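I have placed the structure first, in the form of structure tokens, so that the comments after it can refer back to it.
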Amino acid sequence: MDLKKLGDLYDELHPDLQEIADSLTSYLKDLVRKTGVKGANVSSRVKDKDSFLKKVLQKSFKGEPWTDPIVECTDKVGCRIDVVYLADVFRLRDEIEREANLKVQKIDDKAVELGADSLGYGGVHIDAYPPGREDDFATCEIQLRTHAQAAWAMASHELSYKGPVGTTDEQRRGLNRLTALVELFDEEVDRISKEIMNSPSFPLSIVIRTLESLWLTKIGRPYREDLTAAVVATLLEGISEDDAKTLSDRISAFADERAEQIVEAVRALDHDPLMSQPELLLIYFSLSEDKFAFLDLWIKKGLDARLLDEAAVQLAIKLPQPS
Amino acid sequence: MNLTISARSLIAHQVPRPIGGAATAEPLLSEAVPELPTNTLAFFARRLMRSIQDRGQAVEVDPRFEDPRLPAIIQELLRAEEMDLVEPSQRAARHLLEVQPGSPYESESLFVTADVVANGVSSIALMKLEREEGVHVHTRDIDGKRVLDVEVLEDLMLTDNTRVFKAGVFWLDQDVLKGYVSDDQQGARDDPARYFLQRFLGCRLERSPSIVTRDFFQAAEDFISEQVGDGESKLRYYTALQAELSSNRTQIDPVQFASDHMQQEDRARFEEHLLGAGVPTAAFDKDISKLGPRVSRSRLRTSAGITISGSASEIEARVEVAQYEGSPAVVVKDTVAKV
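So the sequences go chain by chain: A and B. Counting from 371, one number per residue, gives the positions in the first sequence under this note's numbering. Counting from 1201, one number per residue, gives the positions in the second sequence under this note's numbering.
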């Protein structure tokens, strides 16, 4: 095999591979957003020429030489999606498998491969054609990992290449021991997350987070978190997680649509610290949806009807006198 | 109506109370537009919006009116390349002093002219504010010019003690002056306190109270008949509608009507239905002259085609929707007098 010629061919392909890497990254970012996975990092790289050639040689040394390395090396373009929760690794794996635009060729679930009596790296690696490309050399590798798995993989990779003659058994055993911590870490994070999500206050926190984010980005004023939490808990008592998510989406759309009016309203209500708060966005949304029902709820919860009236005026909403 | 307003600047003049129908004193006129804090302008806008939302009526310039001074002043301001409120608003204040009646309805007041934006359109707002104990105005000098003290304005706009509040917002729509006017002192049409719309502003309501009352009744009746499902609610709403029209109250407030008489799930739909039918949801003067006997007589038709008719009060007292042997039934508590 003429490594020089192979290297030159790889150089020629590099711009195309970079283009594939960029478009796949943007596609996967969009997929992550649509799937609703939070806290994910999506990145990509095109394999360096020397890494590619080294891999070709290693295959030969192992007695499994590639006949067409450009096609058979499937991680020339690699994309990584690192997520907070182990559960999200599997969610994304299933999503990618279902994606019609990604022609999945192979899925390696490293944890399954390890079996019951071994510890080790547990990410999911997927070989797939990127959207719109089915050239035989265009296969990419998509790695799905938790942030903890990513940290281990990075440290492991770095340490494995420290010495020119490789690592000792003892050193490799030390690295593998760390995977037990990674597994423990990820399982604890998932368990705690489930516990939080099952707590009665979790749906409220979804709405509060949305209100605070909108308040900070659209209004940019300080507020009292305890007051926001108390008012939202009072108004949305017993809300389910699904309803909280739907409500959050609708409040966001409402705040985008009426941004100018809301900013003006907040300015006018500035003198009243009780109304110059993120929960004002929930109040405005609810008034716009059904002012009669919201007024009834407001009064039922023992809140001051005059405060609501003050807020309503700013949005040109006429409230009846409470009976 | 959905009218959102923000204020850019304003000027206030003090208008004294006329005694015996004639102006006996000069108005105390500001000579410069004060620099006001954003909050004060926002308070002003809020007070104005509340008034227009609660009682605002769409108005137009009355072509029959012989004294078009105010429409001319407003149009002059709206057409100016650089709006200067001082002199035109002084003229408006003098005009107000001239036309307002000398009656116990009025006391010393503040007259405010403001450069505002209403629903994104450059507009002029006029307000007249009064308090029972009168307005004690302090002035200060800015660059040798007299300006009414800002604290007085804030106090008037924020406090609930402000007794009379008349307001108008005007803009040009394809060069035609349009606007909304509200008057806390709305009452009978010959009430002297109603000078604000006609004699001062030179305007008239776009739709007369008799037309609005008729349209409200028709739209409400359609809603009850077509969009309310159960018979019991139909009867209750219809009875309430007739009671509203035949009561001694001089105004109808559609939003209040929905809140007082309808079930929660019907209120917002009712308001939407009214808006769809072109009926204002702000309170309006009641005038049942175009409704004839429809106010005093009720007519109900059952799903089997039986008609029950009678005076509204008898229907209310004697007809009810109840359950009879597990089915809905209309009960008429009366005896057969004639066949």
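For glycine and all other residues, C-beta sits at the position ideal for the given N, C-alpha and C. Keep in mind that this is a model prediction, so the values were computed, not measured.
Integer Cβ distance of residue i from residue j, believed to fall under 8 Å
i: Q631 of chain A; j: L584 of chain A; result: Rounded, the Cβ-Cβ distance is 14 Å, inconsistent with contact.
i: L1270 of chain B; j: A1293 of chain B; result: The pair is not a contact, with the Cβ atoms about 11 Å apart (cut-off 8 Å).
i: T604 of chain A; j: K671 of chain A; result: 5 Å
i: A1272 of chain B; j: F1244 of chain B; result: Not really, about 24 Å apart at Cβ, beyond 8 Å.
i: S1460 of chain B; j: R1255 of chain B; result: With the sequence shown as reference, residue 1460 of chain B is identified as Asp, and Ser is not the correct amino acid for it. That belief does not hold up - the Cβ atoms of D1460 of chain B and R1255 of chain B are roughly 17 Å apart, past 8 Å.
i: A1420 of chain B; j: I1252 of chain B; result: Contact flag wrong, Cβ pair sits at about 23 Å.
i: L1248 of chain B; j: V1369 of chain B; result: 7 Å
i: L394 of chain A; j: S413 of chain A; result: L394 of chain A to S413 of chain A, Cβ: 11 Å. No contact.
i: D1485 of chain B; j: T1450 of chain B; result: 6 Å
Proximity test, Cβ basis, 7 Å: residue i and chain B
i: K588 of chain A; result: no
i: A663 of chain A; result: yes
i: K688 of chain A; result: yes
i: Q631 of chain A; result: yes
i: S693 of chain A; result: yes
i: A660 of chain A; result: Per the sequence shown, the amino acid found at residue 660 of chain A is Asp instead of Ala. Yes, D660 of chain A lies at the interface with chain B (some Cβ there is under 7 Å from its Cβ).
i: R637 of chain A; result: yes
i: E634 of chain A; result: yes
i: D666 of chain A; result: yes
i: E389 of chain A; result: no
Cβ shell of residue i (< 7 Å), same chain only, five flanking positions each side left out
i: I1488 of chain B; result: T1413, L1445, V1495
i: I578 of chain A; result: T598, A599, V602
i: F1470 of chain B; result: F1423, A1458, M1462
C-beta neighbour in chain A for residue i, strict 7 Å
i: S1459 of chain B; result: yes
i: M1327 of chain B; result: no
i: S1206 of chain B; result: yes
i: N1448 of chain B; result: no
i: R1246 of chain B; result: yes
i: L1228 of chain B; result: no
i: A1468 of chain B; result: yes
i: A1242 of chain B; result: yes
i: L1372 of chain B; result: no
i: Y1305 of chain B; result: Confidence is the limiting factor: at Y1305 of chain B the pLDDT is only 48, short of 50, which leaves the residue's position unreliable and the question unanswerable from this model.
Same chain, Cβ closer than 8 Å to residue i, neighbours up to 5 away in sequence not counted
i: P692 of chain A; result: L665, I669, A675
i: V633 of chain A; result: K588, I589
i: L1285 of chain B; result: S1209, L1210, I1211, V1233, L1277, T1313, A1314, D1315
i: L484 of chain A; result: G490, G492
i: L529 of chain A; result: T537, Q541, L545
i: E595 of chain A; result: E582
i: Q1374 of chain B; result: none
i: T1204 of chain B; result: M1249, A1318, N1319
i: D539 of chain A; result: none
Where residue i meets chain A, residues with beta-carbon distance less than 8 Å
i: E1249 of chain B; result: Per the sequence shown, residue 1249 of chain B should be read as Met rather than Glu. By Cβ distance, chain A contributes V683, Q684, A686.
i: D1254 of chain B; result: K688
i: A1482 of chain B; result: K688
Residue i: contacting residues in chain A (beta-carbon distance under 7 Å)
i: Q1456 of chain B; result: P690, Q691
i: L1405 of chain B; result: Going along chain A, no residue has its Cβ under 7 Å from L1405 of chain B, so there is no contact; the nearest lies around 19 Å.
i: L1500 of chain B; result: Result: empty, since nearest Cβ-Cβ is about 26 Å, beyond 7 Å.
i: Q1464 of chain B; result: F662, A663, D666
i: L1203 of chain B; result: A686
Sequence-distant residues of the same chain with beta carbon closer than 6 Å to residue i, five excluded per side
i: D452 of chain A; result: N411, R515, H517, A520
i: S526 of chain A; result: L545
i: S656 of chain A; result: F664
i: G1379 of chain B; result: V1259, G1368, V1369, F1370
i: S1509 of chain B; result: R1499
i: E1520 of chain B; result: V1531
i: G448 of chain A; result: R415, E511
Residue i: contacting residues in chain B (beta-carbon distance under 9 Å)
i: D640 of chain A; result: T1238, N1239, A1242
Task: Any 3 or more C-beta pairs closer than 8 Å across the stretch 437–445 of chain A and the stretch 457–472 of chain A - done: no
Open item on the list: Would the stretch 629–645 of chain A count as touching the stretch 608–616 of chain A if we require 3 or more Cβ pairs under 8 Å?
Closed with: Between the stretch 629–645 of chain A and the stretch 608–616 of chain A there are fewer than three C-beta pairs closer than 8 Å, too few to call the two in contact.
Task: Three-pair Cβ contact test at 8 Å for the stretch 1398–1406 of chain B versus the stretch 1342–1351 of chain B - done: no
Open item on the list: Under 8 Å: do the stretch 551–563 of chain A and the stretch 516–523 of chain A share three or more Cβ pairs, one atom per stretch?
Closed with: yes
TODO: May I ask you to verify whether the stretch 1499–1508 of chain B touches the stretch 1462–1481 of chain B, counting CB pairs closer than 8 Å and requiring at least 3?
DONE: no
Open item on the list: For the structure I just gave you, are there three or more beta carbon pairs, one from the stretch 1454–1467 of chain B and one from the stretch 1507–1519 of chain B, closer than 8 Å?
Closed with: no
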